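Let me begin by presenting the structure, written as structure tokens, before commenting on it.
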Amino acid sequence: MELYHLPHKSRKKETLFVSKIIESLNPTVRKSYYPLTESIINRSVKTADIINWLDTTKLSQKRRSKVTQELLRLPKEVKVALNTKQITCDVVIVSDNTPHYFEYNEKQHSRLTVNRPSKVYAADGTEIIVPRFIQRLVRDVWRTLYLKPYSVVWDDYFAQHGLDEIDLTADGYNEYCLHETTNFLYFNK
Numbered sequence: 005m006e007l008y009h010l011p012h013k014s015r016k017k018e019t020l021f022v023s024k025i026i027e028s029l030n031p032t033v034r035k036s037y038y039p040l041t042e043s044i045i046n047r048s049v050k051t052a053d054i055i056n057w058l059d060t061t062k063l064s065q066k067r068r069s070k071v072t073q074e075l076l077r078l079p080k081e082v083k084v085a086l087n088t089k090q091i092t093c094d095v096v097i098v099s100d101n102t103p104h105y106f107e108y109n110e111k112q113h114s115r116l117t118v119n120r121p122s123k124v125y126a127a128d129g130t131e132i133i134v135p136r137f138i139q140r141l142v143r144d145v146w147r148t149l150y151l152k153p154y155s156v157v158w159d160d161y162f163a164q165h166g167l168d169e170i171d172l173t174a175d176g177y178n179e180y181c182l183h184e185t186t187n188f189l190y191f192n193k
């Protein structure tokens with residue numbers, strides 16, 4: 005069993021999450037990102053689907069409106085990257101030659117408030133500058149749709165439950181969240 009993770013000093017909660025996985029599984033640790041396949045990079049996300057999802061969130065009406073306005077500026081479909089070096093996954097556990105993808109989401113993934121300029125791409129590869137919260141949201145949805153098996157572990161859930169109820173080699177889509185928080189279950193009904 006192998007675990008791929010590139011540590012970041014500033015991500016202390018994510019580091020704790022990864023250390024608990026290492027304690028639990030005792031894998032061979034690779035301090036690098038797991039390489040995604042070129043075949044999934046060209047897949048896009050429909051902006052209308054994200055707008056519809058917003059109505060299921062716990063975001064304030066004002067915040068939903070701001071996010072919707074930003075999404076309406078985008079083409080009907082957007083890409084998250086043009087090559088595999090432009091998108092990663094926080095943690096990948098390879099068990100029996102199967103990669104299990106994990107994203108550890110802290111509050112900024114649900115609050116959608118970081119405004120620094122970032123990029124997404126039109127279907128033809130044209131670069132589109134968006135606030136970071138839009139890029140993060142589109143990437144989160146893209147991972148949810150196209151990486152399988154894939155698990156999202158929310159910071160507040162992990163703080164309350166640790167790894168106790170998290171299946172680290174589960175198939176399909178799994179999301180570990182508190183019911184009163186924003187999540188991406190909508191995309192995997």
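In our numbering, the protein residues as written are 5 to 193. All residues carry an ideal CB built from backbone N, CA and C; glycine is no exception. Note that the coordinates shown come from a computational prediction; the quantities given were computed from them, not determined experimentally.
Starting from residue i, follow its DSSP beta bridges and name the residues at the other end.
i      : result
ASN119 : Its beta-bridge partners do not exist; DSSP assigns none.
PHE106 : VAL95, SER155
LEU7   : VAL33, ILE97
PRO135 : PRO121
What's the call for residue i, buried or exposed, on a 16-neighbour Cβ count within 10 Å?
i      : result
GLN73  : exposed
LEU40  : buried
ASN48  : Note that residue 48 corresponds to Ser in the displayed sequence, not to Asn. So SER48 counts as buried.
PRO121 : exposed
LYS17  : exposed
GLN164 : exposed
ARG147 : buried
ASN87  : exposed
TRP76  : The question names Trp, but residue 76 in the sequence shown is Leu. By the 10 Å Cβ count, LEU76 comes out exposed.
ASP94  : buried
LEU26  : It is worth fixing the name first, because residue 26 is Ile in this sequence and not Leu. With fewer than 16 Cβ atoms within 10 Å of its Cβ, ILE26 is classed as exposed.
GLU42  : exposed
GLU107 : buried
ILE133 : exposed
LEU182 : exposed
Assuming contact is defined by CB atoms lying nearer than 8 angstroms, are residue i and residue j in contact in what I supplied?
i      : j      : result
SER155 : TYR180 : yes
HIS10  : THR186 : Residue identity differs from the one stated: residue 10 is Leu in this sequence, not His. Result no, Cβ atoms of LEU10 and THR186 do not sit closer than 8 angstroms.
VAL118 : ARG136 : yes
SER36  : TYR8   : yes
HIS104 : LEU167 : no
PRO153 : GLY176 : yes
VAL82  : THR51  : yes
ILE54  : LEU149 : no
GLN139 : LYS123 : yes
Measure the alpha-carbon distance for residue i versus residue j and round it to whole angstroms.
i      : j      : result
ASN56  : ILE97  : 32 angstroms
ALA85  : GLN65  : 30 angstroms
PRO79  : ILE91  : 20 angstroms
LEU116 : ASP159 : 15 angstroms
GLN22  : PHE188 : The sequence as given places Val at residue 22; Gln does not occur at that position. If I take the Cα positions, the gap works out to 21 angstroms.
ASN101 : GLU6   : 9 angstroms
ARG15  : TYR161 : 16 angstroms
TYR190 : LYS70  : 20 angstroms
LEU20  : ILE44  : 30 angstroms
In three-state DSSP terms, what is residue i?
i      : result
GLU169 : coil
TYR37  : coil
VAL84  : coil
ALA127 : coil
THR51  : helix
ASN178 : strand
ASN46  : coil
SER69  : helix
SER28  : helix
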